[in-house]
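Residue numbers (full-length UniProt numbering): 1 to 214.
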């Protein structure tokens, strides 16, 4: 009997791992599809084909295309929360805190440039209906808090924090969102290649910091 129980436990654990792996693959494929088409034009058939499953399998894990879309956005939020907790920006002076945050924002966008496209299409297609407001509050709220601290200490010049936060994010993100348009500025080079990404990161940080410092 103990052996049978162990076999059942092992089988259940294996099925659970397989289910999680399938769900992750579906989210990855959905993320790629939504980054190109947005929610409206995305096709579950395409997502299913990319993962080698049936459309019915998608409905097993997600009740609708909208639920799958929300799950993709929710994963972005979860990852962002985990990253922000590790940065410990409150322990740093405003100048150093902003630099560290910018480095992390640009690193995340370099590793997953699709996120910017998804959020951009969310604004255009859905008027922000599915936008995870907690993500916006986290990102913009953190930048605003750092800017306000910097103005209080005199490290940063007088700024309107909300507009400045929006412009900071735009400076970081536009390169990734508009890469297919911008590629003509660097013929024969990969905008998401290591060299150009490093240059974009440094240029963005230098530009932003020069703009906010006193």
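Using N, Cα and C, we set each Cβ at its ideal position, and we do this for glycine too.
Please state the DSSP three-state secondary structure of residue 62. Here residue 62 refers to the residue found at position 62 of the chain shown. Reduced to three states, the DSSP call for residue 62 is coil.
Here's the rule: buried if 16 or more other CB atoms are within 10 angstroms of the residue's CB, otherwise exposed. What is residue 142? Locating residue 142 in the chain shown gives position 142, counting from the first residue. Buried.
Please classify residue 75: does DSSP put it in a helix, a strand, or coil? Working through the chain shown from its first residue, we reach residue 75 at position 75. DSSP places residue 75 in helix when its eight states are reduced to three.
By Cβ distance below 7 Å, which residues in the same chain neighbour residue 189 in space, the five residues on each side in sequence not counted? Here residue 189 refers to the residue found at position 189 when the chain shown is read from its first residue. Same-chain partners within the cutoff: 196.
So what does DSSP say about residue 157, is it helix, strand or coil? Reading the chain shown from its first residue, position 157 is the one you call residue 157. DSSP places residue 157 in coil when its eight states are reduced to three.
Would you check if the stretch 50-59 and the stretch 112-121 touch, i.e. whether three or more CB-CB distances between them fall below 8 Å? no
Rounded to a whole number of angstroms, what is the C-alpha to C-alpha distance between residue 131 and residue 82? For the purposes of this step, residue 131 is identified with residue 131 of the chain shown, where counting begins at 1. For the purposes of this step, residue 82 is identified with residue 82 of the chain shown, where counting begins at 1. Distance between the alpha carbons of residue 131 and residue 82 is about 19 Å.
Do you know how far the Cα of residue 139 is from the Cα of residue 112? The residue labelled residue 112 in the question sits at position 112 within the chain shown. The residue labelled residue 139 in the question sits at position 139 within the chain shown. Roughly 16 Å between the two C-alpha positions.
CA-CA distance, residue 75 and residue 68? Translated into positions along the chain shown, residue 75 becomes position 75. Translated into positions along the chain shown, residue 68 becomes position 68. About 11 Å.
Proximity below 8 Å, CB of residue 29 to CB of residue 63: For this step, residue 29 is matched to residue 29 along the chain shown. For this step, residue 63 is matched to residue 63 along the chain shown. No, the pair does not count as a contact, with Cβ atoms beyond the cut-off.
Leaving out the 5 sequence neighbours to the left and right, which residues in its chain are closer than 7 Å to residue 154 when beta-carbon positions are compared? For the purposes of this step, residue 154 is taken as residue 154 along the chain shown, with counting starting at 1. Excluding positions up to five away in sequence, the list reads 214.
Quick one: is residue 41 buried, meaning 16 or more other Cβ sit within 10 Å of its Cβ, or exposed? In the chain shown, the residue the question calls residue 41 occupies position 41. It is exposed - the Cβ of residue 41 has fewer than 16 other Cβ atoms within 10 Å.
Taking just the CA atoms, how far does residue 65 sit from residue 48? Here residue 48 is taken as the residue at index 48 of the chain shown, counted from 1. Here residue 65 is taken as the residue at index 65 of the chain shown, counted from 1. Near 12 Å, if we compare the C-alpha coordinates of residue 65 and residue 48.
Applying the criterion that 16 or more other CB atoms from any shown protein chain within 10 Å of the CB defines a buried residue, is residue 14 buried or exposed? Translated into positions along the chain shown, residue 14 becomes position 14. With a pLDDT of only 49 at residue 14, under 50, the local geometry of the prediction cannot be trusted, and no value is derived from it.
Element boundaries [alpha helix (DSSP H), containing residue 49]: What you label residue 49 is simply residue 49 of the chain shown in a count that begins at 1. First-last of the alpha helix (DSSP H) with residue 49: 44-51.
Terminal residues of the continuous alpha helix (DSSP H) containing residue 194? Here residue 194 is taken as the residue at index 194 of the chain shown, counted from 1. Its alpha helix (DSSP H) spans residues 194-212.
Using three-state DSSP, classify residue 133 as helix, strand or coil. Within the chain shown, the letter at position 133 stands for residue 133. In this structure, residue 133 counts as helix in the three-state DSSP scheme.
Count the other CB atoms, across all protein chains shown, that sit within 10 Å of the CB of residue 11; report buried if there are 16 or more and exposed otherwise. Numbered from 1 along the chain shown, position 11 holds the residue referred to as residue 11. Reliability of the predicted coordinates at residue 11 is poor, the pLDDT of 45 falling under 50, and the value obtained from them is presented with this limitation in mind. When all chains shown are included, residue 11 counts as exposed.
Count the C-beta pairs between the stretch 199-212 and the stretch 153-173 that are closer than 8 Å, then say yes if the count reaches three, no if not. yes
Cβ distance (whole Å) where residue 94 is taken to contact residue 156 below 8 Å: What you label residue 94 is simply residue 94 of the chain shown in a count that begins at 1. What you label residue 156 is simply residue 156 of the chain shown in a count that begins at 1. Contact holds; Cβ gap of about 6 Å.
Given a cut-off of 8 Å on the beta-carbon distance, is the pair residue 101 and residue 205 in contact? Your numbering for residue 101 matches position 101 in the chain shown. Your numbering for residue 205 matches position 205 in the chain shown. No. Outside cutoff.
Just confirm the distance between the C-beta atoms of residue 77 and residue 134, as a whole number of angstroms; I'd bet it's less than 8 Å. As a first step, residue 77 is located in the chain shown; it is residue number 77 there, counting from the start. As a first step, residue 134 is located in the chain shown; it is residue number 134 there, counting from the start. Between residue 134 and residue 77 the Cβ distance is about 6 Å, and since that is below 8 Å, they are a contact.
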